[in-house]
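A short worksheet on the structure shown next.
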Amino acid sequence: MHQEVCKAGSFALPGSSLRVNRMGYGAMQLAGRDGNKLVWGPPRDVDEAMAVLREAVASGVNHIDTSDYYGPHVTNQIIRRALSPYGDDLVIVTKVGARRGKDGSWIPAFSREELMGAVQDNLRNLGLDALDVVNLRSLFSVHGPAEGSIEEPLTVLAELQQKGLIRHIGLSNVTPAQVAEGRRIVPIVCVQNQYNLAHRADDALIADLARDGIAYVPFFPLGGFTPLQSTALSEAASHLVATPMQVALAWLLQRSPNILVIPGTSSLKHLRENLEAVTLQIPAKVLADLDSLPQPGSALAAAGSES
Ligand SMILES: NC(=O)c1ccc[n+]([C@@H]2O[C@H](COP(=O)([O-])OP(=O)(O)OC[C@H]3O[C@@H](n4cnc5c(N)ncnc54)[C@H](OP(=O)(O)O)[C@@H]3O)[C@@H](O)[C@H]2O)c1
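Right, here's the structure in full:
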């Protein structure tokens with residue numbers, strides 16, 4: 000499988016020595032759930048969570064997305080237990096800009112003290128001296144990207160980069176104007192926004208970033224807490240002798256060379272299925288059918304949002 004994961008190709012983060020395979024892994028699903036509190040507390044099966052991480056890396060995944068507010072702390076602690084000492088080529092990307100309320104809510108945490116504390120939390124729980132990539136996760140609205148200046152918090156991250164605690168900086172849940180503002184302040188290596196077959200608001204942004212060699216990392220690539228479902232997707236999958244989730248991932252990989260996928264799963268079975276998507280080539284006719292799937296507001300549009 001190691002060879003297979005590499006089949007999706009790799010991507011060099013701009014201005015860095017970091018190169019990651021385009022098939023990555025998102026660790027959010029490794030935290031548990033407590034009633035309505037999502038991504039909260041320990042997972043149902045810690046051993047399987049560790050096995051998922053180890054098998055992902057053994058299969059060639061070298062890009063893991065996380066945050067210390069998953070759990071909180073739990074996901075990073077599992078990553079450390081499962082994978083440290085980390086391999087030289089492993090790139091762990093984390094994010095700051097939110098904290099969790101006791102009720103499980105996602106609260107903006109953009110002050111200097113909160114950002115510095117969040118970076119220290121990530122360093123401690125991951126067991127690292129420096130973080131490869133830190134995304135500033137914007138939270139001006141609970142419904143998705145919303146306008147507002149990110150200059151102050153991004154300047155704090157730039158200072159931490161100068162101090163050597165952060166190697167590279169990315170942005171998450173941002174508008175094109177915020178990406179432009181961010182790029183005037185500090186080099187941005189990646190942008191992580193919600194994007195999948197049913198949620199394609201960022202088509203133009205992806206093309207702009209591709210032109211400048213910046214990675215675009217879709218979150219909720221499979222639809223998030225409510226995985227994608229549609230007749231057209233199921234028909235495409237059955238035509239290609241694949242599963243709908245594999246088609247959703249292969250579609251992203253074929254969509255643009257700067258897209259890096261980070262599907263999340265707590266299950267070994269789903270991990271294996273997702274990694275196999277790298278071998279799937281969607282023919283032009285099927286791609287065209289998938290491209291014309293309905294967009295947000297439709298029944299297919301996925302529910303749920305991190306914030
Ligand atoms: N920047 C942000 O604001 C933000 C927001 C959300 C997420 N993220 C990042 O993006 C990553 C990916 O997003 P996500 O994990 O929320 O959503 P996702 O990858 O779109 O989907 C995960 C969901 O799909 C299920 N699933 C995974 N593989 C499957 C398969 N082969 N067949 C059927 N169901 C499958 C998972 O359940 P099982 O566990 O049962 O497989 C889980 O419920 C996260 O892990 C996180 O690192 C970032």
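Letter by letter, the sequence shown follows residues 0 to 306 of numbering that gives the first Met the number 0.
All residues carry an ideal CB built from backbone N, CA and C; glycine is no exception.
Residue i Cβ short of 8 Å to ligand 1 heavy atom set
i, result
"D64", "yes"
"S266", "yes"
"A26", "yes"
"Y221", "Per the sequence shown, residue 221 should be read as Leu rather than Tyr. True, at least one ligand heavy atom lies under 8 Å from that Cβ."
"I91", "no"
"T242", "yes"
"F109", "no"
"H142", "no"
"K94", "yes"
"I261", "yes"
"P152", "no"
"R136", "yes"
"S171", "yes"
"P84", "no"
Bridge-paired residues (DSSP) for residue i
i, result
"R99", "W105"
"A214", "C189"
"V260", "M22"
"L37", "R32"
"L130", "I165"
CA nearest to the CA of residue i, picked from the options
i, options, result
"D87", "V173, R18, A26 and G100", "R18"
"G143", "S171, A117 and V133", "S171"
"M115", "I78, A157, D131 and G103", "A157"
"G23", "E54, Q177 and N124", "E54"
"V132", "A206, L122 and Q76", "L122"
"P220", "P262, A231, T230 and C189", "P262"
"W105", "S233, A249, L279 and D67", "D67"
"L89", "V190, L130 and I77", "L130"
"A26", "V188, I77, E3 and P282", "I77"
"D211", "E151, T225, V188 and I281", "V188"
"G163", "Q119, A235 and L204", "Q119"
"E112", "L138, P152 and K94", "P152"
"A117", "H72, I91, H167 and Q161", "H72"
"A276", "P243, S233 and L286", "P243"
"A179", "D202, S148, L196 and H167", "S148"
"S58", "G31, D288 and L267", "L267"
Secondary structure of residue i, DSSP reduced to three states
i, result
"S297", "In this prediction, S297 scores a pLDDT of 47, lower than 50, which makes its location untrustworthy; the coordinate-derived value is nonetheless stated afterwards. The answer is coil: DSSP assigns S297 none of H, G, I, E or B."
"N61", "coil"
"K318", "No answer is possible for residue 318: it lies beyond the span of the chain, which begins at 0 and ends at 306."
"D307", "No information on residue 307 is available, as it lies outside the stretch 0 to 306 that the chain covers here."
"R378", "Only positions 0 to 306 of the chain appear in the structure, and residue 378 is not among them; the question remains open."
"H72", "coil"
"N172", "coil"
"N195", "strand"
"H142", "coil"
"L251", "helix"
"S304", "Confidence at S304 is low in this model, with a pLDDT of 39, below 50, so its placement is unreliable and no value can be given for it."
"L267", "helix"
"I165", "strand"
"L239", "coil"
"I149", "coil"
"A200", "coil"
"Q228", "coil"
"Q177", "helix"
"D327", "Residue 327 is absent from the model: the chain starts at 0 and stops at 306."
"K6", "coil"
"L221", "coil"
Segment limits, beta strand (DSSP E) that includes residue i
i, result
"A11", "S9 to A11"
"V19", "R18 to N20"
Endpoints, the alpha helix (DSSP H) within which residue i is located
i, result
"Q191", "Segment I187 to Q191 is the beta strand (DSSP E) holding Q191; no alpha helix (DSSP H) there."
"N124", "R111 to L125"
"E275", "Careful: E275 lies outside any alpha helix (DSSP H) and carries neither H nor E."
Any non-hydrogen atom of ligand 3 within 8 Å of residue i CB
i, result
"Q161", "What this structure holds is ligand 1, not ligand 3."
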